[in-house]
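Respectively, the protein sequence lines represent chains A and B. One point on numbering: in my numbering, the residue at position 96 of the first sequence is 96, and numbering is uninterrupted. One point on numbering: in my numbering, the residue at position 157 of the second sequence is 1157, and numbering is uninterrupted. Here the structure comes first, spelled out in structure tokens, and everything after it is commentary.
2 protein chains.
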Amino acid sequence: MGIVLVHTTVSLDGFIAGPGEDMDWVFELGSHVPAEIVQDVIVTTGAILAGRHSYDVGRRARRPEVSKPFGGAWSGPQFVLTHDPPDDERDPTIAFLSGDVETAIATARAAAGDRNVLVLGANVVDQCLEAGLVDEILIHLYPVLLGDGARLFGARRSRRIDLEPIAITRSGPLANLRYRVVR
Amino acid sequence: MGIVLVHTTVSLDGFIAGPGEDMDWVFELGSHVPAEIVQDVIVTTGAILAGRHSYDVGRRARRPEVSKPFGGAWSGPQFVLTHDPPDDERDPTIAFLSGDVETAIATARAAAGDRNVLVLGANVVDQCLEAGLVDEILIHLYPVLLGDGARLFGARRSRRIDLEPIAITRSGPLANLRYRVVR
Chain A
1 MGIVLVHTTV
11 SLDGFIAGPG
21 EDMDWVFELG
31 SHVPAEIVQD
41 VIVTTGAILA
51 GRHSYDVGRR
61 ARRPEVSKPF
71 GGAWSGPQFV
81 LTHDPPDDER
91 DPTIAFLSGD
101 VETAIATARA
111 AAGDRNVLVL
121 GANVVDQCLE
131 AGLVDEILIH
141 LYPVLLGDGA
151 RLFGARRSRR
161 IDLEPIAITR
171 SGPLANLRYR
181 VVR
Chain B
1001 MGIVLVHTTV
1011 SLDGFIAGPG
1021 EDMDWVFELG
1031 SHVPAEIVQD
1041 VIVTTGAILA
1051 GRHSYDVGRR
1061 ARRPEVSKPF
1071 GGAWSGPQFV
1081 LTHDPPDDER
1091 DPTIAFLSGD
1101 VETAIATARA
1111 AAGDRNVLVL
1121 GANVVDQCLE
1131 AGLVDEILIH
1141 LYPVLLGDGA
1151 RLFGARRSRR
1161 IDLEPIAITR
1171 SGPLANLRYR
1181 VVR
């Protein structure tokens, strides 16, 4: 069975997007994420669970790198957790879920088969962490302080979560950090 | 002339202290900061500028590792930025400054001679970053999500700050990240 993986780029001060959903910093700094890491995530991902905000950002994005998962290099079932689904989505691989996060992960897991579920979006990541549903976290840490925007770990939690490093490597200006969530 | 260095341990979710000023996670995880990094910071530091909160935490701490800089392995002039200095501090190496952060850094620089000024405490770090006074940031990233507490980069800033990695290494469970602030 696959795992539930959080995979994202983050600024050193913890933002996954700058003010106004700015993602330009990721592209300005260039593609320093090792190809083998990207390829590994692409082939091991069986389904994506995204938050409504991530979905909207992707829909509005003018860059193809943002509008499709992995710039179009991955395809498969995508689930969007939202209480207010849009009625004009034409992509048959995108489905909207309005239940709790446990059910959403179970649905995504079933669709992923023996591959992984990739979780996108700070709010859904927070919900999954809170519910103890995350297995691994893979972060590409960018050398920038954005100062404002959307925080990856923005929600306050009463429970501490211990992690176990799987890999800590450098590629160009990035720190690539992969952790297992200790249960 | 020395530099202005921010040096701290941080949880993956960006906290330098957990709820209730908890620092136990640092000690539970053990001393994995490479001795050569600690030694380098100790010998290159000529003065410390701390916030009032950091000073209070040090004063109240029962652990000697927290109550003295580098557990007592460093000694030198320490400046505490506060508008409300205590009247019972007996340590002659500790002085209180109530002016702006630029003056405080200038005072600490003068005391540091040709060595570095070490800045401690999220609030003072934020003020120094905002004023463009920080030269380098050295972070030991701990594999834990504390969920709550005091954030290193908690203040929102309108200006983005670019960084240039000097060193990204792993030691045990830690990622040791050193960046130069791009001016």
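The beta-carbon is built from N, C-alpha and C at its ideal position, and this holds for glycine as well.
In this structure, L1129/B sits away from H1007/B, with a CB-CB distance that is not shorter than 7 Å. Sorting G121/A, V38/A, D40/A, Q39/A by C-alpha distance to the C-alpha of F79/A places G121/A at the top.
Counting along the chain, the unbroken beta strand (DSSP E) around T8/A starts and ends at 4-11. Between the segment 24-35 of chain A and the segment 164-180 of chain A, the count of Cβ pairs shorter than 8 Å is three or higher; the stretches touch. In the three-state reduction of the DSSP assignment, V119/A falls in the strand class, which pools E and B. Linking G1113/B to D1100/B through their CA atoms gives a straight-line distance of about 21 Å.
The closest CA to that of P1165/B, considering only E164/A, P165/A, L163/A, T169/A, is found on T169/A. Judged by DSSP in its simplified three-state form, R1052/B adopts helix.
Taking 7 Å as the threshold, the shortest C-beta distance from F1153/B to chain A falls below it. Here V1181/B carries a strand assignment [DSSP, helix/strand/coil]. Contact of A1122/B with chain A is not assigned, every C-beta pair being separated by 7 Å or more. For P173/A, a Cβ of chain B is located within less than 7 Å of the residue's own Cβ. Restricting attention to beta strand (DSSP E) runs no shorter than 3 residues, the segment 101-158 of chain A encloses them at 116-120, 136-142, ordered along the chain. Fewer than three beta-carbon pairs drawn from the segment 62-82 of chain A and the segment 144-153 of chain A are found closer than 8 Å, and the two stretches are therefore not classed as touching. Rounded to the nearest whole angstrom, the CA to CA distance from A47/A to A111/A is 6 Å. In this chain, the alpha helix (DSSP H) harbouring A1035/B covers 1035-1044. A residue is called buried once 16 or more other Cβ atoms fall within 10 Å of its Cβ, and D1040/B, having fewer, is exposed. Here H1083/B is exposed, its C-beta having fewer than 16 other C-beta atoms within 10 Å. Cβ contact annotation for E65/A (same chain, cutoff 8 Å, sequence separation greater than five): F27, G71, in chain order.
Chain B has no Cβ within less than 7 Å of the Cβ of Y55/A. Considering only beta carbons, the part of the segment 129-148 of chain A lying closer than 8 Å to chain B consists of L129, I137, I139, L141, P143, V144, L145, L146, G147, D148, in chain order.
Comparing alpha carbon positions, the residue from L81/A, R159/A, V10/A closest to T103/A is L81/A. For E1164/B, the neighbours in chain A by C-beta distance under 9 Å run, in chain order, P143, P173. For G1018/B, the chain A residues whose C-beta falls within less than 8 Å of its own C-beta are R160, listed in chain order.
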